[in-house]
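Position 79 (the first sequence) corresponds to 606 in this note's numbering; numbering is contiguous.
Beta carbons are placed, not taken as given, at the ideal position from N, Cα and C, and that holds for glycine.
Below is one structure, written out as structure tokens; the observations come after it.
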Amino acid sequence: MGELLSDRLKSLLAAAAEEARKSGDLSYSAVPSVRIERPSNRSHGDFSTNFAFVIAKEAKLPPARIAEALVRRLAGRGGEVYDRVEVAGPGFVNFFISPSALYRGLSTILEQGEEYARFKVGEGKTVQVEFVSANPTGPLTVGHGRQAAIGDTIANLLERVGYAVTREYYYNDAGNQMKVLAVSVKKRYLQLLGEEIDFGEDLYQGEYIVDIAGALRERCGDSLRAEKDLKRFQEIAEESIFSGIKKTLASMGIRFDVYYNENSLFESGKVARVVDLLRKAGCVYERDGAVWFQATRFGRSKDRVIIKKTGEATYRLPDIAYHRDKLDRGFDIVIDVFGADHHGTFPDVLAGVEALGCDKSKIVVLIHQFVTLVRDGRQVKMSTRKAQFVTLEELLGEVGRDVARYFFLMRKMGSHLDFDLGVARKQSLDNPVYYLQYAHARICSIQKKYGERYGLLDRGRLLEVDLRRLTKEEELEIIKDLMRFEETVKSAAALFEPHRLCVYLEELAAGFHSYYNKHRVMIEDKGLREARLAMARAVQIVLKIGLGLLGVSVPESM
RNA sequence: GCGCCCAUAGCUCAACGGAUAGAGCACCGGAUUUCUAAUCCGGUGGUUGCAGGUUCGAGUCCUGCUGGGCGCGCCA
């Protein structure tokens, strides 16, 4: 079980084509990649294929003729899937799914419940998804929020289709930025103790530094006034900031399996090993006292310094070592989720990985564009340097986890995201999150009332319901929408595009809301009543799975 | 100057290279003695930024332009 209708059609089509070839009606050598698609126009059926166009040239026949030959052979043998197949337009073959196939599909949802739309296409292959990876120098920003939602949801989707997923956070708590952090905290601390201290512009300006300094004074009084060792300040700041970051992530419902410290790459000798290997490969040279990596040999426009003349590594070197390590750990797929500001740097890292002879094709880099917060039609300015940025924590406090996650996910990541705080705060149809949750809550309400009035139908009883009573156009449309869920999950996972799920769920919910306003579940006719309850139950299941994948809660009442 | 991303209805956005480009918002007009009106129904709204090209077929692919975002450190 679990075969998608489109897959079933594909094999039926392939068989028909093969038969046509054997009988001499068609001639082609290799079966091209056969595609079964969803026509946008309802009158074009539930599925269609462009097969005829694809082989028209080689077969030396007009597409319409090929389509006819196929339809002749498809006509009699799709009884369990479609009840009509026809040639349309210049050579499309359109399939019309039969009600019995729809009832079977609906029944599958009821049978499998929340295990529906779980696949094994990943075959247990391992995937690592790295995201957020913000260094502990300040609170997470709204931009990190988008990345967090995207990374976590992609991980959810991949798990759903059968991959073993590791969520990983990579961070660097060493180096110059941490020194700047320590100095920033120290100076704020001394200021709080009443000292006249010049706070330079190159230091971290955020209010959170003052907060950390305040907590420090609270705890240690003025005992650190003469503390020379910046380490103390750094440790305290890092601890405070990192626990804040983790708290923010937790309130978004995100847990990482691994926090990977960049420093460990130096300590374990993995960085040194990479330098060795690059040297042996003849991909590095020295100039001006620094060590350069010949990125230009791998299609990059510039060579890059990997070891400064001070002897310190630039960030690229541990990044290369880190990616090599990911591959060494045996992941079949390594996914990096980055913000648009990183688009210029990862190709250097990939070039480095390639220079090491690793298979960089296993690495998938997903770049998401920036988030703009909009309030009252105006852009809310953000800046990590200045004190006025809106943190992810603040945003979550304002709109809540469900809305935040959904808004971050509802647009494809290549687009800039306008996060409209006005809409996000609304609890009405303007807000898609409430729209979806409301559909779920409504069904829960129906079930409750149903139970009170007629007695509950448990799962076993629900499976015995005669679904053939669902004959209304709107009912068949809802079932067809339900049938699209599995392929939506599959494609959202395969393409790493969570927004497809959002688009789908809104369509499903719209169909249900519309149905709800037109037809009633609780009616005299017992058979029809039960069938409608079963259908509502299926919608509820799919909404719950779908929203669950997005990390959005499904309230039973609102 | 070079590189990456983006441009679709007044606004925010959808649309595996497929057929007549779809939603929501906004605007106009309607629906509830009924399982949740946080809902629904109808209407208005388009030369898919511009110019070429590839293709049986282009919003989608290629080239050039225009406009916007982001990068181009021995910062991360």
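Query: Looking at E925: is its Cβ nearer than 8 Å to the Cβ of L948?; Result: yes
Query: In chain order, which alpha helix (DSSP H) runs of at least 4 residues are fully inside the segment 729 to 803?; Result: 734 to 747, 757 to 778 and 789 to 794
Query: Measure the C-alpha to C-alpha separation of V930 and I724 and round it to an integer number of angstroms.; Result: 43 Å
Query: Taking A712 as the reference, which of G741, A777, I862 and G871 has the closest Cα?; Result: Looking at the sequence provided, one finds Val at residue 712 rather than Ala. That would be G741, whose Cα lies nearest to the Cα of V712.
Query: Classify I1050: buried if its beta carbon has 16 or more other beta carbons within 10 angstroms, exposed otherwise.; Result: exposed
Query: Where are the beta strand (DSSP E) runs, 3 residues long or more, that stay fully inside the segment 544 to 596, in chain order?; Result: 574 to 576
Query: By the DSSP assignment, the beta strand (DSSP E) with N621 in it spans what residues?; Result: F619 to I624
Query: Taking the alpha helix (DSSP H) that V818 belongs to, which residues open and close that run?; Result: That residue, V818, is in no alpha helix (DSSP H); its beta strand (DSSP E) goes A817 to F820.
Query: If R611 and F623 are in contact, beta carbons under 8 Å, what's the gap, nearest whole angstrom?; Result: 4 Å
Query: Any idea if A544 is buried or exposed, counting beta-carbon neighbours within 10 angstroms, 16 or more meaning buried?; Result: buried
Query: Kindly list the residues whose CB is nearer than 6 Å to the CB of L597, restricted to its own chain and excluding five residues on each side of it in sequence; keep chain order.; Result: A543 and V620
Query: Could you check if E794 is buried or exposed, using at least 16 other CB atoms within 10 Å of its CB as the buried criterion?; Result: exposed
Query: Report the option in D957, L1028 and F865 whose CA atom is closest to the CA atom of E1014.; Result: L1028
Query: I believe Y698 touches E789 by the beta-carbon criterion, under 8 Å. Please report the beta-carbon distance rounded to the nearest angstrom.; Result: 7 Å
Query: Runs of 3 residues minimum, wholly inside the segment 910 to 978: which ones carry the beta strand (DSSP E) assignment?; Result: 944 to 947
Query: To which residues does DSSP link G866 through a beta bridge?; Result: H895
Query: Alpha carbon to alpha carbon, how far is I1068 from L633?; Result: 11 Å
Query: Per DSSP, R814 is paired with what?; Result: A817
Query: What three-state label does DSSP hand Y643 in the structure shown?; Result: coil
Query: Near A691, which residues of its chain fall below 8 Å by C-beta distance, leaving aside the five closest residues on each side in sequence?; Result: G649, G651, K652, T653 and V654
Query: Determine whether the beta carbon atoms of L751 and L757 lie at a separation below 8 Å.; Result: no
Query: Please identify the residue among A753, P666, I636 and R548 whose C-alpha is closest to the C-alpha of I736.; Result: P666
Query: In terms of alpha-carbon separation, which member of D573, Y849, S554 and G721 lies closest to D1008?; Result: D573
Query: A615 bridges to which residues according to DSSP?; Result: F619
Query: What separation, rounded to the nearest whole angstrom, lies between the Cα atoms of K797 and Q674?; Result: 28 Å
Query: Would you mind working out which of G1054, L963, Q974 and I860 sits nearest R995, comparing C-alpha positions?; Result: G1054
Query: Find out if the Cβ-Cβ distance for the pair P590, A602 is shorter than 8 Å.; Result: no
Query: To the nearest angstrom, how far is it from the Cα of Q974 to the Cα of Y842?; Result: 57 Å
Query: Would you identify the three-state DSSP class for A691, choosing helix, strand or coil?; Result: strand
Query: Does the segment 1022 to 1041 come within contact of the segment 935 to 954, defined as at least 3 CB pairs closer than 8 Å?; Result: yes
Query: Helix, strand or coil for R831? Go by DSSP, reduced to three states.; Result: strand
Query: Along the beta strand (DSSP E) that carries R905, what are the first and last residues, could you check?; Result: R905 to V907
Query: Taking the C-alpha atoms as reference points, what is the distance between K913 and D729?; Result: Summary for K913: the model assigns pLDDT 48, below 50, so the residue's position carries little reliability, and this model does not support an answer.
Query: Where do the ends of the beta strand (DSSP E) carrying V1030 lie?; Result: It is not in any beta strand (DSSP E) - V1030 instead sits in the alpha helix (DSSP H) that spans H1026 to K1045.
Query: With a 10 Å radius around its C-beta and 16 neighbouring C-beta atoms as the bar for buried, classify M1085 as buried or exposed.; Result: exposed
Query: Check this for me: beta carbons of E893 and F1023, under 8 Å apart or not?; Result: The sequence as given places Leu at residue 893; Glu does not occur at that position. Result yes, Cβ atoms of L893 and F1023 sit closer than 8 Å.
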